[in-house]
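Just below is one structure, and these are the notes that go with it.
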Amino acid sequence: MKVTVIGTGYVGLVSGTCLAEVGNDVLCLDVDAEKIRILQEGGIPIYEPGLKEMVARNVAAGRLRFTTDVQEAVAYGTIQFIAVGTPPDEDGSADLQYVVAAARNIGRHMTGYKVVVDKSTVPVGTADKVRAAIAEELATRGAAIEYSVVSNPEFLKEGAAVDDFMRPDRIVVGAEEPKAIELMRALYGPFQRNHDRLIIMDVKSAELTKYAANAMLATRISFMNELANLAEVLGADIEHVRQGIGSDPRIGYHFLYPGCGYGGSCFPKDVQALQRTARQDAGIELKVLNAVEEANEAQKGVLAKKIKARFGEDLSGRRFAVWGLAFKPNTDDMREAPSRYLLADLFAAGATVAAYDPVAMHEAERSIGEEPRLAYVDGPMAALDGADALIIVTEWKEFRSPDFEAIKSKLRTPVIVDGRNMYEPALVRSFGLEYLPIGRR
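Note that the numbering used here gives residue 490 to position 269 of the sequence shown, counting from 1, and the numbers run on in steps of one.
Given below as structure tokens:
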């Protein structure tokens, strides 16, 4: 099957590469010539475990190609995936200009039947806008060409996206036309050999499913963060609480880990977009999601509050070591990362920072910009030299079993502020370190 993927960002590149991996011929289009140059020269513009090797393997096999030629891309695939960015607009809504532009390009250049698949995370009703944009371009050309518009939201976790695509929990397809449904069944057949994971529904339900999934996960995170803050004041231990409620099969253990707030490209944007859709398009106020977002914004300041409670409001002359910059492990994504909020608070109070992240330092430098109070170091222990405390922001595996004696010897003040509750408090304190986690006794 020939497939075109429009957009070589996180979703587009992973989707296109995994589709090629099972034998499809895939052409990825991007208007960013620099991205395409990097891909054609054997690099990838994002960090995702296992992706670079899979891209190289499929390029070498001739199943995966990259182009900036819109007309070539539209002509290539019967199935046209739209996987472009939908950044938040000023009012929190998803900006659909790139989605609509991609649809117009398809309508402008198509010469035969196409299945146009919305892979980007988009609000309910976007498929109607895509359908209308294609119809307008065809009318301008005076062409009567059949096409279908399908919603096929992605459910990829950054850091495990390749495995999520190759071994999906479910494949949601919103479509009405039998021809389009059969083509989507054929495309996803190799990914569901054991049992049928394809869930067919109407287009609007598919569009809402993506937002509902991310909103639910964000809700669990904010709920646990609020409970952790409460446990800390009451003298309870949130880890014991987590085990106690997670053992209930109706609740489960997933997304019950408290921390310093959620970030990334999905949860913050999607929660806001769903709120805006409900408010503007349906006249409904989603009170739970309003609270979820409010709680998360407050949680991003919890580490700075702990630092100031320990060292004072004025941090002039203080230096802090920060382990982890990406919003989560196994990615270099700095979008809405809690580290950015922490750094801003520390700088505003007069502190300087030495930071280390296994993969995100280049992206952090690009996104944060030139900052004389921030130094990037080449290892976790190097960050500790002359630091008043260690602050853990991202739970990378290499931070799980550190040398606590070495940490104590390097720090000017033996303090660890742990935004991810990585260690058992009694163990850390047995080395003579002051340990400030979130919601632990």
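Beta carbons are placed, not taken as given, at the ideal position from N, Cα and C, and that holds for glycine.
Opposite residue i in the DSSP bridges: which residues?
{"i": "arginine 286", "result": "Leu248"}
{"i": "valine 394", "result": "Ile421"}
{"i": "arginine 497", "result": "DSSP lists no partner for arginine 497."}
{"i": "leucine 611", "result": "Ala542 and Ile637"}
{"i": "lysine 223", "result": "Asp246"}
{"i": "isoleucine 300", "result": "Val224 and Val336"}
{"i": "threonine 573", "result": "Arg540"}
{"i": "leucine 408", "result": "Answer is none; leucine 408 lacks a bridge partner."}
{"i": "leucine 595", "result": "Val574"}
{"i": "tyrosine 562", "result": "DSSP, once it has assigned bridges, lists no residue as partnering tyrosine 562."}
{"i": "tyrosine 231", "result": "None, per the DSSP bridge assignment."}
{"i": "glutamate 655", "result": "Val636"}
Do residue j and residue i have their beta-carbon atoms positioned less than 8 angstroms apart in this structure?
{"i": "leucine 657", "j": "arginine 531", "result": "yes"}
{"i": "tyrosine 334", "j": "lysine 223", "result": "no"}
{"i": "alanine 241", "j": "valine 232", "result": "no"}
{"i": "alanine 667", "j": "leucine 536", "result": "With the chain covering 222 to 662 only, the question about residue 667 has no answer from this structure."}
{"i": "valine 305", "j": "glycine 228", "result": "yes"}
{"i": "valine 614", "j": "leucine 563", "result": "yes"}
{"i": "isoleucine 303", "j": "valine 345", "result": "no"}
{"i": "isoleucine 265", "j": "valine 276", "result": "yes"}
{"i": "valine 393", "j": "methionine 405", "result": "no"}
{"i": "isoleucine 628", "j": "leucine 605", "result": "yes"}
{"i": "methionine 331", "j": "isoleucine 300", "result": "no"}
{"i": "isoleucine 421", "j": "alanine 401", "result": "no"}
{"i": "valine 383", "j": "glycine 244", "result": "no"}
Rounded to whole angstroms, how far is the Cβ of residue i from the Cβ of residue j, which I believe are closer than 8 angstroms?
{"i": "aspartate 458", "j": "arginine 284", "result": "Not really, about 52 angstroms apart at Cβ, beyond 8 angstroms."}
{"i": "proline 623", "j": "glutamate 655", "result": "Not a contact, Cβ separation roughly 15 angstroms."}
{"i": "alanine 439", "j": "valine 492", "result": "5 angstroms"}
{"i": "alanine 585", "j": "aspartate 578", "result": "7 angstroms"}
{"i": "glycine 313", "j": "glutamine 496", "result": "6 angstroms"}
{"i": "alanine 427", "j": "proline 374", "result": "6 angstroms"}
{"i": "arginine 329", "j": "glycine 480", "result": "With a Cβ gap of about 46 angstroms, arginine 329 and glycine 480 do not count as contacting."}
{"i": "arginine 556", "j": "phenylalanine 548", "result": "7 angstroms"}
{"i": "valine 574", "j": "phenylalanine 541", "result": "5 angstroms"}
{"i": "methionine 602", "j": "leucine 546", "result": "With a Cβ gap of about 17 angstroms, methionine 602 and leucine 546 do not count as contacting."}
With 16 as the cutoff for other CB atoms within 10 Å, does residue i come out buried or exposed?
{"i": "asparagine 415", "result": "exposed"}
{"i": "proline 470", "result": "exposed"}
{"i": "glycine 482", "result": "buried"}
{"i": "serine 372", "result": "buried"}
{"i": "alanine 364", "result": "exposed"}
{"i": "glutamine 261", "result": "exposed"}
{"i": "glycine 456", "result": "exposed"}
{"i": "tyrosine 432", "result": "buried"}
{"i": "methionine 437", "result": "exposed"}
{"i": "arginine 539", "result": "buried"}
{"i": "aspartate 554", "result": "buried"}
{"i": "leucine 648", "result": "exposed"}
Give, in chain order, every unbroken run of the beta strand (DSSP E) that is at least 3 residues long and sits entirely within the region 414-453. Within the region 414-453, the beta strand (DSSP E) runs of at least 3 residues that lie entirely inside it are, in chain order, 419-422.
Unbroken alpha helix (DSSP H) runs of length 4 or more, entirely within the region 302-374: which are they? 318-330 and 347-362
Write down every uninterrupted run of the alpha helix (DSSP H) in the region 615-650 whose length is 4 residues or greater and which is fully enclosed by it, in chain order. 625-631
Jot down the residue ranges of each uninterrupted beta strand (DSSP E) in the region 247-281, minimum 3 residues, whole runs only, in chain order. none
Restricting to runs no shorter than 4 residues, where is the alpha helix (DSSP H) found entirely within the region 463-533? 488-497, 508-520 and 523-532
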